[in-house]
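Numbering (UniProt numbering), first residue to last: 1 to 775.
The beta carbon of each residue, even a glycine, is placed where N, CA and C say it ideally should be.
First up is the structure itself, then whatever we jot down about it.
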Amino acid sequence: MAPKTSSSSGKKKASSGTPEESKMPKFKLPTTFIARPTFKNDERSICNVYMCKEVLKALEIEAGGLCIVGKLSENGVVGVAQPGDDSQPCNVIQLSGPLRSVGNVLLGDRLEVRKATFQPEYASSVTLGSRQNMQLPESAEKHISKLLDECGLIMPGMVILGREVSENLNLDLVVTAVNDEVAEELPNIAKLDISGSNIEQNQVFYLSPPAIFRKGHTKIILGADIAPSIKYGLPQPISYGSVGGLKREVDLLKRTIELPLNEPTLFAEFGVTPPRGILLHGPPGTGKTMLLRCVASEANAHILTINGPSIVSKYLGETEAALRDIFNEAKLYQPSIIFIDEIDSLAPSRSSDDSGEVESRVVATLLTLMDGMGSSGRVVVVAATNRPNAVDSALRRPGRLDQEVEIAIPDVDARHDILAKQFEKVSVKRHELTADDVEYIASRTHGYVGADLVALCRESVMKTVQRGMIQGLARESLKITLKDVEDAMAEIRPSAMREIFLEMPKVFWSDIGGQEDLKVKLREMIQLPLEASGSFERLGVSAPKGVLLYGPPGCSKTLTAKALATESGVNFLAVKGPEIFNKYVGESERAIREVFRKARAASPSIIFFDEIDALSPDRDSGGSTSAANHVLTSLLNEIDGVEELNGVVIVAATNRPDEIDQALLRPGRLDRHIYVGPPDYDARIQILKKNTKNFQLENAEELLTELAGKTDGCSGAEVVLLCQEAGLAAIMENLEAERVERRHFEKALSGIARGIDDEMLEYYRNFQNRSGISA
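This is the structure in structure tokens:
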């Protein structure tokens, strides 16, 4: 009994413990940690990672032990774990600027911490450069050796700001390589372990290989290059300088964001509140999200990112609570920036039918939080969307999203800037493109947004590699040529045009027999406003808006539009008249608006209306229906309404010009009328030659001259049909036929019915005299 009593009393003591211990809650390790800066700037603390003592204990990391800190589900940076300030929350870890620069970690990023169970190797060599692009002097080696010795742990990608390298010379140092002299050697097979030891497992966790600096043993190599070797694959920060074609927008962002964050009292001195928010809007792929990343990288502020759908919860009130937590964190760690990408999904317009009770509560919460930021707070909200009209109007007022910046489709100069920056990233040894070539590519990529141009450069590399494989070229000799870029352009279509993608017909001006006057006039209409835009603006002359091609059926009106699409190099939208009409009220008008919206977005562009008489029947004749009237009204408003139609040319074709409403034919709309008549003698000769080039004709010149005379008054389509029927007759006579004889043409000629008569020609002459407008 005695042992039993002793045992039970011992168990009782163990279970009860002291009153203080029984009341202490069990520590719960945070799943993620918030990145914050350390306020120790001495060299010895560069590689230190400061965290809560309870966290160190839970992770079984001793003070001074190694840990790996990285973004969620990514490789991390190796640092020395140290106990941090007790005043900081347990979900905060503090890292120095050099350590954050290795992994491109921003203040406010969510990180995870792991224990490192391996010993870094000693560095045999370390290569350094300067961010000022200066060659480091030999005298700097002594200062750098002392600095790295105190730092202890070094790794490629570390950026140490403002260090004295020699007398009166302070530079920003960049570690570009470690052990570079032996990095190219083959691995020692004797050291490999296939059992999956901790050492081998840990090696895949770090982002940049760490090494220990030993003064007197580690060789210091001084260089000028600031980019770590490409073999490390380190994430590169995006700076304002890496963004092309958005200089005006970048300047506006700098003024609107950096000033309130860095000089908040300046606005108070003038008695005004600083800007609180910016809305970036524009078509997809123009660089809105990239600008957000640039601001995050350049601004020394706490960054919080909200991706619209990511915080939406199915449980009542959780979305609003998540928003409040984000704004509270922003207030706690000022200066801070809150990014809201795709804000239209988070704060849709409450007046629309799609908005429900949940959306209304989220919008109301967001409005309340933005109003509650306080006039003296150093918090800025930057939102982005490609549907600005879908965002609730209460957000788009001064005091909330004060500034609205449109990130539009880049023009020629902006495209040239983007392409130049893209090809600058390519080694000079890897491309043969001159400055003139880049300018030529920029002039050919109408309607391309920044994302399209990046895809074009990537596709150009693919074409180069593919060409090298076909030709059997060595990898070292592969270079991007202008031909590779032009081949890639056929694969990459402008983003604004992808919804209405057309397989461009490969029809050239040379494929159209005759019609020289028509070709010249169309070239002038399309190419002149593009090539001499400065002269048009200087003289105050507006470019022609539209042209009407009219004439008998089969006289190459539609074929001319196809050639125009191929030869002009601008974006081409084809609209077939009858397909616009829809049985639902308002849908036909919306289809017209959508066509013109896309044309404006992808300007310069051409809209081709085939059989336009179906869309715009004459309202005075009484043959127009209510639906047709509405479509015509929309068409007139789009061509010459309140909103300017810049960079868009309209080409319409019809064989019934008198049935088109006169309002559409007046100057300022379809103000050029071009008669496309039957081909003349020379044009018929050209058509016959093109369509009989494989017929192996005997006495071809004499036969074609005779046929051109006999087809007087025929349309171009009828002349083409003559050649086709003759070839068909030859095949029917002999299935193995290799040539076409005269008798086949005579047989085909007897079966051709002429569709153009004098009465029809007189009809077009009367319209020409009545309209009095021609190109």
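Check whether residue i and residue j have beta carbons under 8 Å apart
i           : j           : result
residue 242 : residue 421 : yes
residue 718 : residue 755 : yes
residue 175 : residue 154 : yes
residue 480 : residue 461 : yes
residue 853 : residue 664 : Because the chain in this structure spans residues 1 to 775, residue 853 falls outside the shown range and cannot be described.
residue 595 : residue 606 : no
residue 346 : residue 358 : no
residue 563 : residue 492 : no
Limits of the unbroken beta strand (DSSP E) element including residue i
i           : result
residue 51  : 48-51
residue 39  : Per DSSP, residue 39 belongs to no beta strand (DSSP E) and is neither H nor E.
residue 305 : 302-307
residue 143 : That residue, residue 143, is in no beta strand (DSSP E); its alpha helix (DSSP H) goes 140-151.
residue 385 : 379-385
residue 262 : That residue, residue 262, is in no beta strand (DSSP E); its alpha helix (DSSP H) goes 259-262.
residue 32  : Where residue 32 is concerned, there is no enclosing beta strand (DSSP E), given that its DSSP letter is neither H nor E.
residue 77  : 77-83
residue 90  : That residue, residue 90, is in no beta strand (DSSP E); it is neither H nor E in DSSP.
residue 470 : Careful: residue 470 lies outside any beta strand (DSSP E), inside the alpha helix (DSSP H) at 450-471.
Where the alpha helix (DSSP H) through residue i begins and ends
i           : result
residue 701 : 700-710
residue 410 : Taken as a continuous stretch (DSSP letters only), residue 410 belongs to no alpha helix (DSSP H), as it is neither H nor E.
residue 571 : Segment 571-576 is the beta strand (DSSP E) holding residue 571; no alpha helix (DSSP H) there.
residue 534 : 533-539
residue 98  : 97-103
residue 568 : 557-568
residue 691 : 681-691
residue 365 : 357-371
residue 778 : Because residue 778 is not part of the residues shown, which for the chain are 1 to 775, the question remains open.
Residues near residue i in its chain [Cβ-Cβ closer than 6 Å; skip 5 each side]
i           : result
residue 335 : 261, 301 and 378
residue 630 : 589
residue 185 : Because the pLDDT at residue 185 is just 41, under 50, the model does not fix this residue reliably, and the value given afterwards should be weighed accordingly. Contacts found: none.
residue 182 : Confidence is the limiting factor: at residue 182 the pLDDT is only 44, short of 50, which leaves the residue's position unreliable and the question unanswerable from this model.
residue 415 : 442 and 445
residue 701 : none
residue 613 : 654, 656, 659 and 660
residue 48  : 80 and 82
residue 36  : 92 and 94
residue 770 : none
residue 22  : Here residue 22 scores only 48 on pLDDT, less than 50, and its place in the model should not be relied on; the value that follows carries that caveat. Taken in chain order, the list of residues that qualify is empty.
Of the listed residues the options, nearest to residue i (C-alpha basis)
i           : options               : result
residue 338 : 309, 345 and 381      : 381
residue 51  : 41, 75, 72 and 80     : 80
residue 712 : 680, 722 and 448      : 680
residue 517 : 677, 236, 533 and 124 : 677
residue 419 : 408, 217, 434 and 83  : 434
residue 170 : 135, 150 and 330      : 135
residue 832 : 180, 141 and 417      : A question about residue 832 goes unanswered here, because the residues of the chain that appear run from 1 up to 775.
residue 149 : 682, 212, 92 and 179  : 212
residue 147 : 536, 275, 71 and 46   : 46
residue 488 : 465, 475 and 514      : 465
residue 223 : 258, 163 and 129      : 129
residue 729 : 28, 750 and 512       : 750
residue 779 : 279, 452 and 510      : Within the shown structure, residues of the chain are numbered from 1 to 775, placing residue 779 beyond reach of any answer.
residue 483 : 475, 456, 598 and 508 : 456
residue 55  : 42, 40, 30 and 38     : 30
residue 41  : 163, 121 and 65       : 163
residue 139 : 165, 587 and 122      : 165
residue 371 : 343, 401 and 387      : 401
residue 723 : 759, 685 and 735      : 685
residue 748 : 768, 758, 710 and 525 : 710
Same chain, Cβ closer than 8 Å to residue i, neighbours up to 5 away in sequence not counted
i           : result
residue 234 : 102, 103, 104, 156, 157, 207, 208 and 228
residue 780 : A question about residue 780 goes unanswered here, because the residues of the chain that appear run from 1 up to 775.
residue 180 : 125, 127, 221 and 229
residue 290 : 238, 243 and 450
residue 715 : 552, 553, 554, 555, 678, 679, 755 and 756
Contact set for residue i: own chain, Cβ-Cβ below 7 Å, skip 5 residues either direction
i           : result
residue 115 : 59, 60, 61 and 67
residue 766 : none
residue 187 : Low confidence applies to residue 187: its pLDDT is 41, below 50, so where it sits in the model is not reliable enough to give any reading.
residue 452 : 285, 492, 494 and 495
Segment contact flag, the stretch 243-257 with the stretch 360-367, C-beta cutoff 8 Å, min 3 pairs: no
Between the stretch 538-558 and the stretch 654-671, can you find at least three pairs of beta-carbon atoms closer than 8 Å? yes
Could you check whether the stretch 727-744 touches the stretch 692-710, counting it as contact only if at least three pairs of C-beta atoms, one from each stretch, sit closer than 8 Å? yes
Should the stretch 391-405 be regarded as contacting the stretch 297-316, the criterion being three or more beta carbon pairs within less than 8 Å? no
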